[in-house]
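In this note's numbering, the protein residues as written are 31 to 249.
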């Protein structure tokens with residue numbers, strides 16, 4: 031039972047941590063693109079370090095909750111989070127993931143609007159500030175990367191979280207087919223960790239170069 035619980039809790043913990051990381055990356059790009067003059071005052075080294083720590087601390091209920099009296103440890107119970115955990119605790123991860131996914135989508139919508147206005151403005155002005163153009167172009171390039179990471183994360187994890195949200199809303203137990211689908215969708219979520227390096231090597235030439243240098247011995 032302990033191994034079963036550890037597996038379920040680690041998946042939940044890593045999912046929430048990944049979602050919060052994606053959200054923070056999107057918020058960082060939002061500030062860089064939509065509020066470039068305030069960016070350096072808002073995103074300081076201290077705040078960045080605190081944020082990175084909170085990303086791992088806040089979802090820790092998934093680990094420490096397993097040590098509390100919330101858990102159903104009755105003998106003979108099946109290895110299922112839906113049975114082991116209370117419904118509210120079980121569905122919390124799905125709620126967090128969907129809420130932050132929606133907020134992240136809104137941030138990217140605002141970034142796209144700002145980027146589009148910027149491109150229209152620089153096309154209409156002959157003497158452009160080249161430094162500003164390069165800074166904004168770099169920020170937009172970074173936003174495209176984090177946007178791609180966000181899309182990949184959503185495709186990999188939201189289907190599985192939909193089943194968890196369904197269990198929170200509906201009181202009836204999942205059918206065997208639904209349980210089997212949910213179990214297989216976990217592997218799609220785990221595939222997100224495999225997909226991220228591929229996305230980085232595709233979108234970041236410097237990352238691609240370092241990977242070739244490490245694994246292929248190329249300079």
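We treat Cβ as the ideally placed atom computed from N, Cα and C, and that holds for glycine.
Selected residue, minimal CA-CA separation from residue 177, among 232, 235 and 134: Considering only alpha carbons, the answer is 134.
Rounded C-alpha distance that separates residue 233 from residue 62: 19 Å
Beta-carbon proximity check, residue 90 vs residue 139, cutoff 9 Å: no
Residue 195 and residue 78 closer than 9 Å at C-beta: no
CB contact below 9 Å: residue 195 versus chain C: Given the protein chain composition of this structure (a single chain), no chain C is represented.
Buried or exposed by the 16-neighbour rule on C-beta atoms within 10 Å, applied to residue 84: exposed
Boundaries (first-last residue) of the alpha helix (DSSP H) holding residue 73: Per DSSP, residue 73 belongs to no alpha helix (DSSP H) and is neither H nor E.
Whether residue 179 touches residue 52 by CB criterion (9 Å): yes
Spatial neighbours of residue 236 in its chain, beta-carbon cut-off 6 Å, leaving aside the 5 residues before and after: none
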